[in-house]
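Residue numbers (the UniProt record's numbering): 1 to 247. A virtual CB, placed ideally from N, CA and C, is assigned to each residue, including glycine. Okay, so here's the structure we're looking at.
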C-alpha cells in the first residue's frame with residue numbers, strides 16, 4: 001500500500017529526530033518518536049481535536065481535507081503557545097536542545113539534563129569586562145564537543161557549523177587580534193619606560209640642583225662666620241686703642 005504524503009513526511013521527521021538523538025549517543029526507537037510527534041485524536045463535538053501537548057511538524061501537506069485544515073488551526077495555536085514560552089520568539093539552539101532532549105514521559109536523561117543546565121548557565125552568565133557574548137549555537141557546539149568531536153546535533157536541526165576553512169580563518173583572525181594586542185601592549189610598555197626614564201632624569205637634575213644650593217649655603221655660612229670673627233677682632237682692637245688713649 002502506497003504511503004500518503006502525511007505518512008512520508010512523518011517518517012522523514014522520525015528519521016530526522018532519531019539522527020538528532022543518535023548524534024548525542026542516545027538510541028531512540030522509531031515507534032517512540034512516532035508516538036511523540038503523531039497527533040493523538042480525541043472525540044469532541046463531532047470532530048477530531050488534538051491534545052494540548054501534541055505538535056506535528058509534518059502538517060504542511062498539499063490538498064488537505066477539512067479535517068487537515070482543522071488540524072492546521074490547532075497546530076498554529078500550539079506553535080503560538082510554544083512561542084509564548086520564549087517571549088514570542090523562535091527558540092534558540094539551547095532552547096531547542098532542551099526541547100529535543102525532553103521526553104514527555106520520562107523527561108531528560110541525567111546526562112542530557114546536565115549538559116542542558118550547563119548550556120543555560122553559560123547563556124545566562126554575566127560577561128566579564130571586554131568579553132564577547134557567545135551565540136546559543138556556539139554554546140551548544142562547545143558543550144557537545146566536550147562529549148564528542150563529531151556531534152551532528154547542530155547540522156541536524158539546521159544550524160550550520162563552521163567548516164575547517166572557517167575555523168582556519170577564525171584562528172587566523174584571532175591570531176591577528178592577539179598580535180595587535182601584544183603590539184599595542186608592547187608600545188604602551190615602551191612609552192611607560194620612556195616616561196619613567198624622563199622622570200628619573202628630572203629627579204636626578206633636581207637632586208643635583210639641591211646639592212649645589214646646599215653647597216652654596218654652607219659656603220655662605222662659612223663666609224658669614226669668618227666676617228663675624230674679623231668683626232669681633234676689629235672691635236677688640238678698637239677697644240684696646242681707646243683704652244690706651246684714655247690712660
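query: Assigned secondary structure, residue 135 (DSSP; H/G/I helix, E/B strand, else coil); result: coil
query: Stretch pair the region 115 to 124 + the region 95 to 102: three plus CB contacts closer than 8 angstroms; result: yes
query: Where the alpha helix (DSSP H) containing residue 126 begins and where it ends; result: Element bounds for residue 126: n/a, residue is neither H nor E.
query: One or two residues paired with residue 103 in a DSSP bridge; result: 107
query: Helix, strand or coil at residue 7 according to DSSP, with G and I counted as helix; result: helix
query: Per-residue burial, residue 144 [other beta carbons within 10 Å of its own, 16 or more giving buried]; result: buried
query: Cα-Cα separation between residue 13 and residue 2, rounded to whole angstroms; result: 18 angstroms
query: Exposed unless 16 or more other CB atoms sit within 10 angstroms - verdict on residue 139; result: buried
query: Coarse secondary structure for residue 214, derived from DSSP in three states; result: helix
query: Residue 228 versus residue 242 - alpha carbon distance; result: 21 angstroms
query: Exposure of residue 8, with buried meaning 16 or more beta-carbon neighbours within 10 Å; result: exposed
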